[in-house]
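Visitor: Line order of the protein sequences matches chains A, B, C and D. Using the working numbering, read the first sequence as starting at 6 and increasing by one per residue. Using the working numbering, read the second sequence as starting at 6 and increasing by one per residue. Using the working numbering, read the third sequence as starting at 6 and increasing by one per residue. Using the working numbering, read the fourth sequence as starting at 6 and increasing by one per residue. Even for Gly, the Cβ is constructed at its ideal location relative to N, Cα and C. Predicted model only: the values in this text are computed from it and were never measured.
Protein chains: 4
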Amino acid sequence: MRVPFFDADPMGVVHHANYLRYFENARIEWFRRRGLTWAIFTGSDLSVAVVESQVFYRSPARFDDLLLLDVTLVELQRLSMKFSYAAHEQSEGRLIVEATTLHACVGSNMKLKKIPASIREALLVPEQAGQREPNG
Amino acid sequence: MRVPFFDADPMGVVHHANYLRYFENARIEWFRRRGLTWAIFTGSDLSVAVVESQVFYRSPARFDDLLLLDVTLVELQRLSMKFSYAAHEQSEGRLIVEATTLHACVGSNMKLKKIPASIREALLVPEQAGQREPNG
Amino acid sequence: MRVPFFDADPMGVVHHANYLRYFENARIEWFRRRGLTWAIFTGSDLSVAVVESQVFYRSPARFDDLLLLDVTLVELQRLSMKFSYAAHEQSEGRLIVEATTLHACVGSNMKLKKIPASIREALLVPEQAGQREPNG
Amino acid sequence: MRVPFFDADPMGVVHHANYLRYFENARIEWFRRRGLTWAIFTGSDLSVAVVESQVFYRSPARFDDLLLLDVTLVELQRLSMKFSYAAHEQSEGRLIVEATTLHACVGSNMKLKKIPASIREALLVPEQAGQREPNG
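#1: Give me, in chain order, the residues of the same chain whose beta-carbon lies closer than 7 Å to that of Arg63(C); leave out the 5 immediate sequence neighbours on both sides.
#2: Under the three-state reduction of DSSP, which class applies to Asp70(A): helix, strand or coil?
#3: Following the continuous beta strand (DSSP E) through Ile101(B), name the residue where it begins and the one where it ends.
#4: Grab me the residues of Phe61(D)'s own chain with a C-beta within less than 8 Å of its C-beta, minus the 5 sequence neighbours each way, in chain order.
#5: Among residues of its own chain, excluding the 5 on either side of Gln95(B), which ones have a beta-carbon nearer than 8 Å to its beta-carbon?
#6: Give the secondary structure of Arg125(A) by DSSP, where H, G and I count as helix, E and B as strand, and everything else as coil.
#7: Which residue spans inside the segment 41–96 of chain D form an unbroken beta strand (DSSP E) run of at least 3?
#8: May I have the straight-line CA-CA distance separating Leu128(D) from Lys87(D), to the nearest angstrom?
#9: Specify the secondary structure class of Arg7(A) as computed by DSSP and reduced to three states.
#10: My output table needs one value for Ala13(B): the three-state DSSP class, helix, strand or coil.
#11: Assuming Ala22(A) contacts Phe11(B) (C-beta within less than 8 Å), just tell me the rounded distance between them.
#12: May I ask you to check if the CB of Gln59(A) is nearer than 7 Å to at least one heavy atom of the ligand FMN?
#13: Of all the residues that make up the segment 12–33 of chain C, which are near chain D by a beta-carbon distance shorter than 7 Å?
#14: I'd like to check one pair, Gly98(D) with Pro15(C): are the Cβ atoms closer than 8 Å?
#15: Would you kindly work out how many angstroms separate the C-alpha atoms of Tyr90(A) and Lys119(C), rounded to a whole number?
#16: Just to confirm my understanding: we take Ser113(D), look at its own chain, exclude 5 residues before and 5 after, and list those with CB closer than 6 Å. What are they?
#17: Count the other CB atoms within 10 Å of the CB of Arg83(A); is the residue buried (16 or more) or exposed (fewer)?
#18: Measure how close the beta-carbons of Trp35(C) and Phe68(A) come, nearest whole angstrom, since I'm counting them as under 8 Å.
#19: For chain C, find out if any of its Cβ atoms is closer than 8 Å to the Cβ of Phe68(D); answer yes or no.
#20: Run the CB neighbour count on Ala122(A), radius 10 Å, all protein chains shown included, and call it buried at 16 or more, exposed below.
#21: Does Glu65(C) come within less than 8 Å of chain A when only Cβ atoms are used?
#22: Do we get a CB-CB distance below 8 Å when we pair Pro131(B) with the residues of chain C?
#23: What's the gap between the Cα of Thr77(A) and the Cα of Arg37(A)?
#24: Please check the pair Val55(A) and Thr106(A), which I expect to be a contact at CB under 8 Å, by giving their CB distance rounded to whole angstroms.
#25: Let me see if you follow: with CB-CB separation under 8 Å, is Phe61(B) close to chain C or not?
#26: Output needed for Glu80(D): all residues of its chain with C-beta closer than 7 Å, excluding positions within five of it in sequence on either side, in chain order.
#27: Under 8 Å by Cβ, that's how I've got Tyr24(B) and Met6(B) pegged, so tell me the actual separation to the nearest angstrom.
#28: Excluding sequence positions up to five away, which residues of its chain have a Cβ less than 7 Å from the Cβ of Ile124(C)?
#29: Just checking: is the beta-carbon of Val55(A) within a distance shorter than 8 Å of some beta-carbon in chain F?
#30: Report all residues from its chain with a CB closer than 8 Å to the CB of Arg39(D); omit the five preceding and five following residues, and keep chain order.
#31: So which residues on chain D does Ser52(A) lean against when the C-beta distance must stay under 8 Å?
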């Protein structure tokens, strides 16, 4: 992804709150490549909530930088899943940010729910070649 | 309102797309003072959609500036309503932005609906003293 | 571009203030394909300010929609330039938003400046094939 | 603060990335009450960078909720300072989010710098009554 102008602050660097947005986009794309889209939740009493996030800001990114975002599923429990992320600046390979997010399945009443087997299986299938989308 | 750090861009001035957000906050507050909150739409097949917006950027605002936002209902038709806005910088009174937005009532199918009489009446009642909220 | 989750509001549709951001990204990309990047302004007492914007919201876009953004330079004056935009939803070709923005060159004192000849020439050169970037 | 419409996502709850923005606003206000504004950095080769953030999302907030934000300086080292935060929903007192952020002073070359004595002293002075601003 290319850093948008409006995400850089008066110091000229990406405002720190934006990285959780970049990583969400990357995570949604990661889900999509495993066949898991927003549509599977429509009509179900289930959604995936963010429970915790931790971000380490290693070096600044600037407007117009190209960032490479990596997503890894690092833990899959009965009730939760944890992802780790890294963002690198493309031209020099410089590490920009590392992060983790912890997620839980919840019902519309915000009570915890067991992660359904169908989702669990999809999460564990390795990404297939050719599923990468043009702007992914 | 005070301009947040994250709304200023690398040129040090408020990014232009933010003013539509500021004016929406001001408009929602304007509605609230007339007893019209989000709750009145809950469960109804009705919402208010933005149809058109026009913004004139007169001079730049910067991080930490205090802005005064004015909202005026300038037109109330059977199917639409139009608001105008002005943002001034508080300390010098400098005009920052002027704008208008046009709104229509729509059903969940996004078809136009007549503005209900109850809403129409509330819109035309003058704002009452003492309804201003602390951070309004 | 794919609509991010965080750009959709509680009505499930893209919040109207986001389109000015999408169009800015598209305009910056349009400039880049003509060799005009942020770097040309660095160290110069010159920047391009948004003077006016007008947006017509034709139909709603939703989270995960793919949007195609078109940018056209419609006017190039001595002191200003005007762009028009359209956003279409990719799968059905539905028109989502149309817009125009008016821009002026300003110095660091925010006074108007003539658009430099070098920029004017670059603006009028047609886009070249093969300059499209992977995620453009 | 009142939760803006545009900060709520299609699930109707505040998008998790927004809390780092709310806490930044609260922290800047916390600094201001101790006489530390952006102006003290202007012209100096010094700024305060976010090094790490951790957020625990305890329960969802919704559009139009009033949130109370607490800021506490929990650690002041030679090179870094750590703040903790809590956001509560006002009407029920429900805990929404807890967080910490770690900050360091850096020069324009992004190298670490010792926190200047003048800033260190201001940080340790207790907040004075009557300094609260109207919309703070």
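Guide: Quick look at the numbers:
#1: Locating residue 63(C) in the third sequence gives position 58, where the first residue counts as 1. The residues are Leu100, Ile101, Val102 and Glu103.
#2: Here residue 70(A) refers to the residue found at position 65 when the first sequence is read from its first residue. Coil.
#3: Mapped onto the second sequence, residue 101(B) falls at position 96. That run of the beta strand (DSSP E) goes Leu100 to Val111.
#4: As a first step, residue 61(D) is located in the fourth sequence; it is residue number 56 there, counting from the start. Counting only Cβ-Cβ distances below 8 Å, and skipping sequence neighbours, we find Val102, Glu103 and Ala104.
#5: Here residue 95(B) refers to the residue found at position 90 when the second sequence is read from its first residue. So the list reads Asp70, Leu71, Leu72 and Leu73, once near-sequence residues are dropped.
#6: Residue 125(A) sits at position 120 when you count from the first residue of the first sequence. Here Arg125(A) sits in helix by DSSP.
#7: 52–62, 72–81 and 85–94
#8: Residue numbering aside, residue 128(D) sits at position 123 when the fourth sequence is read from its first letter. Residue numbering aside, residue 87(D) sits at position 82 when the fourth sequence is read from its first letter. Their Cα atoms are separated by approximately 11 Å.
#9: The count along the first sequence starts at 1 and reaches residue 7(A) at position 2. It is a strand residue.
#10: Counting from 1 along the second sequence, the entry for residue 13(B) is found at position 8. Three-state DSSP puts Ala13(B) in a strand.
#11: Counting from 1 along the first sequence, the entry for residue 22(A) is found at position 17. Counting from 1 along the second sequence, the entry for residue 11(B) is found at position 6. Indeed, because the Cβ distance is near 6 Å, the residues count as touching under 8 Å.
#12: In the structure on display, the ligand FMN does not appear, and there are no ligands present to speak of.
#13: Ala13, Asp14, Pro15, Gly17, His20 and Ala22
#14: Position 10 of the third sequence, counting from 1, holds the residue named residue 15(C). Position 93 of the fourth sequence, counting from 1, holds the residue named residue 98(D). Contact: no.
#15: Taking the first sequence and counting its residues from 1, the one referred to as residue 90(A) is at position 85. Taking the third sequence and counting its residues from 1, the one referred to as residue 119(C) is at position 114. If I take the Cα positions, the gap works out to 45 Å.
#16: Stepping through the fourth sequence from its first residue, residue 113(D) is reached at position 108. The residues are Asp50.
#17: If you number the first sequence from 1, residue 83(A) lands on position 78. Looking at its Cβ environment, which holds fewer than 16 other Cβ atoms inside 10 Å, Arg83(A) is exposed.
#18: Position 30 of the third sequence, counted from the start, is the residue given in the question as residue 35(C). Position 63 of the first sequence, counted from the start, is the residue given in the question as residue 68(A). Not really, about 16 Å apart at Cβ, beyond 8 Å.
#19: Working through the fourth sequence from its first residue, we reach residue 68(D) at position 63. Yes, contact with chain C.
#20: Taking the first residue of the first sequence as position 1, residue 122(A) is located at position 117. By the neighbour-count rule (16 or more Cβ atoms within 10 Å), Ala122(A) is not buried but exposed.
#21: Numbered from its first residue, the third sequence carries residue 65(C) at position 60. Here the sequence assigns Pro to residue 65(C), which means Glu is not the residue at that position. Judged by the 8 Å Cβ criterion, Pro65(C) is not in contact with chain A.
#22: What you label residue 131(B) is simply residue 126 of the second sequence in a count that begins at 1. Any Cβ of chain C closer than 8 Å to the Cβ of Pro131(B) would place that residue at the interface, and such an atom is absent.
#23: Here residue 77(A) corresponds to residue number 72 of the first sequence, with the count starting at 1. Here residue 37(A) corresponds to residue number 32 of the first sequence, with the count starting at 1. If I take the Cα positions, the gap works out to 14 Å.
#24: Position 50 of the first sequence, counted from the start, is the residue given in the question as residue 55(A). Position 101 of the first sequence, counted from the start, is the residue given in the question as residue 106(A). Right, their Cβ atoms sit about 6 Å apart.
#25: Taking the second sequence and counting its residues from 1, one reaches residue 61(B) at position 56. Chain C, which has a Cβ nearer than 8 Å to the Cβ of Phe61(B), makes this yes.
#26: If you number the fourth sequence from 1, residue 80(D) lands on position 75. Contacts found: Met86 and Lys87.
#27: Against the second sequence, residue 24(B) aligns to sequence position 19. Against the second sequence, residue 6(B) aligns to sequence position 1. In fact, because the Cβ distance is near 11 Å, the residues do not count as touching under 8 Å.
#28: By one-based count along the third sequence, residue 124(C) stands at place 119. So the list reads Leu41, once near-sequence residues are dropped.
#29: Annotation note: the requested chain F is absent from the structure, which comprises protein chains A, B, C and D.
#30: The residue given as residue 39(D) occupies position 34 in the fourth sequence. So the list reads Ala127, Leu128, Val130 and Glu132, once near-sequence residues are dropped.
#31: Sequence index remark: in the first sequence, residue 52(A) carries index 47 (1-based). Ordered by position in chain D, the residues that pass the 8 Å Cβ test against Ser52(A) are Met16.
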